[in-house]
């Protein structure tokens, strides 16, 4: 691809982009494949603008005002990570890994005396790798005293 030249002003790129988008898809592909410039605008300028226009439809420039509850939720979502890779579970079937992470959380709860703050990361890991139905069933089984894993 050719580099964007100084003459490719934003308004010119935008106008050419509108012309370009009105062409049929096959014609657009062939134009980009063969020509280095389209109406005097480089392919790089057109492609960059295309990508940015798609991104701008998804993300707005302005961050909306959030309530305190929404900010807390946003902070939680930003910090959610899946469980780190564990060398003990190399296969694709992660059922045993799930079971182990759930029991590590329970073991942490048992050792800290049910202090939820210190064990929150283990809970997050177990929830992120285990199917929701399994976690719900295990939580219910613990409440009823019939859970087969670590007892608190």
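Residue numbers (my numbering): 494 to 645. All residues carry an ideal CB built from backbone N, CA and C; glycine is no exception.
How many Å lie between residue i and residue j at the Cα?
{"i": "residue 607", "j": "residue 586", "result": "30 Å"}
{"i": "residue 605", "j": "residue 611", "result": "8 Å"}
{"i": "residue 629", "j": "residue 595", "result": "11 Å"}
{"i": "residue 621", "j": "residue 580", "result": "18 Å"}
{"i": "residue 588", "j": "residue 576", "result": "13 Å"}
{"i": "residue 609", "j": "residue 642", "result": "18 Å"}
Assign residue i to one of two classes, buried (16 or more other C-beta atoms within 10 Å of its C-beta) or exposed (fewer than that).
{"i": "residue 619", "result": "buried"}
{"i": "residue 645", "result": "exposed"}
{"i": "residue 636", "result": "exposed"}
{"i": "residue 593", "result": "buried"}
So residue i and residue j are supposed to be a Cβ contact under 8 Å. How far apart are they, rounded?
{"i": "residue 631", "j": "residue 640", "result": "6 Å"}
{"i": "residue 597", "j": "residue 615", "result": "5 Å"}
{"i": "residue 617", "j": "residue 573", "result": "7 Å"}
Does chain D have any CB closer than 7 Å to the CB of residue i?
{"i": "residue 600", "result": "Absent from the structure: chain D. Only one protein chain is present."}
- [ ] Evaluate contact between the stretch 592-602 and the stretch 560-574, counting only Cβ atoms and requiring at least three cross-stretch pairs below 8 Å.
- [x] no
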